[in-house]
Amino acid sequence: MPASRVSLTRYLIEQERDHGTIPPQLRLLLEVVARSCKGISLSVTKGALGDILGATESENVQGEVQKKLDIIANEVLIEANEWGGHLAAMASEEMDSIHVIPNRYPQGEYLLLFDPLDGSSNIDVNVSIGTIFSVLKKPTNSPAVTEADFLQAGNQQVAAGYCVYGPQTTLVLTVGNGVAMFTLDREQGSFVLTHENVKVPEDTQEFAINMSNMRHWDTPVKRYVDECLAGTEGPREKNFNMRWIASMVADVHRILTRGGVFMYPWDKREPNKPGKLRLMYEANPMSWLIEQAGGAATNGKQRILDIKPDALHQRVSVILGSKNEVDRVTEYHA
Ligand code: AHG
Ligand code: MN
Ligand code: MN
C-alpha cells in the first residue's frame, strides 16, 4: 500500500488542523456515519444471499412501501449513532417523527438527517443505490430537542454527503470546504481519499429527468427539455445526451464526476405537492455538495439552500448540476 494514501480519519483530522472545520464531535459523527455506510454496503453486496431483497408490509410517512433494505439501513444508522454522545437527535425518511437520543446516553449538539436507502426501486434489480445524510447543529437555546429544531434552511448545514453503493462504494463529503470523494478499500475496510476539490463543469450536454412524466410537466421544464431534444437543429445548436438512473445518489454522483443537469420538477400528477424529492435529507445535502463543487441548485424559483422548511418531510422541486444549465432552467421559470 503506498504511504501517501489518505484515510477518511486522516482527512478529517487535517481538515480540522488546517481549516478548523471539523471539531472532534463532528469528526466522530462523520466516522460513525461512514462506518454505518460500510455496514450497509456489506448488506447490499450480499443481495439474495443475505435476505435483503424485497418489500416489507409497512409504509413510511410518505405512503411508500418500505423495502427490507430501507428498514435495515435505517436501523444500522440509528444503532451506530445513538450511543456516541455526538448527537441530540436524528430524523429519517423512514421514521415519521424525530428520534431523540435516549436518556441512557449523553446528548451531543448535532442533529443528523438521512435518507438511509436512496433509490429503493433499484435494490432488487442490482442497480446503484445509496445513503444520503445532512448534519445540522441543534439551536443552542432549546432545552429539549423538538422537530422545530430540525427546521433550518440548508445553508445552515455543517456537513453533508452521500455514499453510493455501485460497482465501487464511494463516500462523498463536504464540510463547507469543497467536496472530497473516498473509495472503500474492502481489504483494509477503510475509506481512502480518491478525489479532492471536485468540480462540476459549468456547461454540459447531458440532462437527467424521468421523461415518462413529460406530459405532466410545467411549461419552463418542457421548454428546456424540448430545446435539448432538438439538438443541433434547435436553439441550443448542440446535441444532448440523456441519463436517468432513478437513484438520486447515482445521478448526482455522475454529475459531480462529469457534469450534467438533474431535474425532478413539480408536475401535475400531484399538483398540491411541490415535487417528489424531500428537502431536508435529499435536496439540501445534494444541493450543498453541488454548490461546493461549483454547480447550482434551485427549485426553479429560488436557491434550494435558502428555503426555510416548515415540515420535516416536506417535498421540493429540484433542478441541480452544471451552473449555466441550472441558471437557464431557472430563468425559464421567471
Ligand atoms: P427513495 O428511494 O429514497 O424513495 O428515493 C427515490 C427518488 C430518487 O432517488 C430518484 O431520483 C427518484 O426517486 C426516482 O423517481 P421515479 O421512480 O419517479 O423516476
Ligand atoms: Mn431518496
Ligand atoms: Mn430512501
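Take the sequence shown: its letter number 240 is residue 618 in the working numbering, and every next letter is one higher.
Virtual Cβ for every residue (Gly too), placed ideally from N, Cα, C.
All values derive from a computational prediction rather than experimental measurement.
Please check the pair residue i and residue j, which I expect to be a contact at CB under 8 Å, by giving their CB distance rounded to whole angstroms.
| i | j | result |
| --- | --- | --- |
| Ala624 | Gly497 | 6 Å |
| Val557 | Leu667 | 6 Å |
| Ile479 | Ala467 | 6 Å |
| Asn662 | Ser520 | Not really, about 20 Å apart at Cβ, beyond 8 Å. |
| Ala451 | Ile418 | 5 Å |
| Leu514 | Phe492 | Actually they are not in contact, since the Cβ atoms of Leu514 and Phe492 sit about 12 Å apart, beyond 8 Å. |
| Gly699 | Phe618 | Going by Cβ atoms, the distance from Gly699 to Phe618 rounds to 13 Å, so no, they are not a contact pair. |
| Val542 | His631 | 5 Å |
Exposed or buried, residue i, counting other C-beta atoms within 10 Å across all chains shown (16 or more means buried)?
| i | result |
| --- | --- |
| Tyr602 | buried |
| His397 | exposed |
| Leu427 | exposed |
| Arg388 | exposed |
| Gly532 | buried |
| Asp429 | exposed |
| Glu578 | It is worth fixing the name first, because residue 578 is Val in this sequence and not Glu. Burial call: buried. |
| Asp684 | exposed |
| Pro613 | exposed |
| Lys701 | buried |
| Ala412 | buried |
| Asp645 | buried |
| Thr434 | exposed |
| Arg564 | exposed |
| Met379 | Low local confidence applies: a pLDDT of 48 at Met379 is under 50, so the model's placement there is unreliable, with the coordinate-based value given in what follows. Classification for Met379: exposed. |
| Pro609 | Note that residue 609 is Gly in the sequence shown here, rather than Pro. Under this definition Gly609 is an exposed residue. |
| Phe499 | Note that residue 499 is Ser in the sequence shown, not Phe. By the 10 Å Cβ count, Ser499 comes out exposed. |
| Met589 | exposed |
Please say whether residue j and residue i have beta carbons closer to each other than 8 Å?
| i | j | result |
| --- | --- | --- |
| Lys516 | Tyr540 | no |
| Ala675 | Val694 | no |
| Leu406 | His477 | no |
| Gly678 | Pro598 | yes |
| Pro494 | Glu460 | no |
| Ser329 | Phe569 | What the structure shows of the chain is the stretch from 379 to 712, and residue 329 is not part of that stretch, so it cannot be assessed. |
| Met626 | Glu660 | yes |
| Ser421 | Leu455 | no |
| Gly554 | Thr708 | no |
| Leu657 | Pro687 | yes |
Return the CA-CA distance between residue i and residue j, expressed in angstroms with no decimal places.
| i | j | result |
| --- | --- | --- |
| Lys446 | Glu584 | 33 Å |
| Gln546 | Leu562 | 7 Å |
| Glu648 | Leu390 | 42 Å |
| Ala537 | Glu611 | 43 Å |
| Tyr710 | Ile682 | 17 Å |
| Ala671 | Phe560 | 15 Å |
| Gln440 | Ile697 | 21 Å |
| Asp581 | Ala522 | 46 Å |
| Gln566 | Leu549 | 15 Å |
| Asn575 | Thr509 | 21 Å |
| Asn622 | Pro402 | Here residue 622 is Trp; the residue named in the question, Asn, does not match the sequence. Roughly 38 Å separates the two Cα atoms. |
| Gln692 | Glu442 | 15 Å |
| Gly653 | Pro643 | 6 Å |
| Ala628 | Ala689 | 26 Å |
| Arg636 | Met620 | 13 Å |
| Asp448 | Gln534 | 27 Å |
| Leu551 | Leu634 | 12 Å |
| Glu392 | Thr572 | 16 Å |
| Glu437 | Gln444 | 5 Å |
| Arg593 | Asp604 | 12 Å |
| Gly462 | Pro484 | 8 Å |
| Lys600 | Asn481 | 52 Å |
Give the secondary structure of residue i by DSSP, where H, G and I count as helix, E and B as strand, and everything else as coil.
| i | result |
| --- | --- |
| Pro494 | strand |
| Phe585 | strand |
| Ser385 | strand |
| Asn504 | coil |
| Gln444 | strand |
| Phe528 | helix |
| His464 | coil |
| His631 | helix |
| Ser520 | coil |
| Met473 | coil |
| Asp707 | Just to set this straight, residue 707 is Val in the shown sequence, not Asp. Reduced to three states, the DSSP call for Val707 is helix. |
| Asn619 | strand |
| His573 | strand |
| Thr399 | coil |
| Asp684 | helix |
| Ser512 | strand |
| Gly612 | coil |
| Gly539 | strand |
| Glu437 | strand |
| Met379 | The pLDDT assigned to Met379 is 48, lower than 50, so where the model puts this residue is not dependable, and the model offers no usable value. |
| Asp429 | coil |
Output the residues surrounding ligand 5, defined as those with a CB atom closer than 6 Å to any ligand heavy atom, in chain order.
With respect to ligand 5, the structure offers nothing, as its ligand set consists of ligand 1, ligand 2 and ligand 3.
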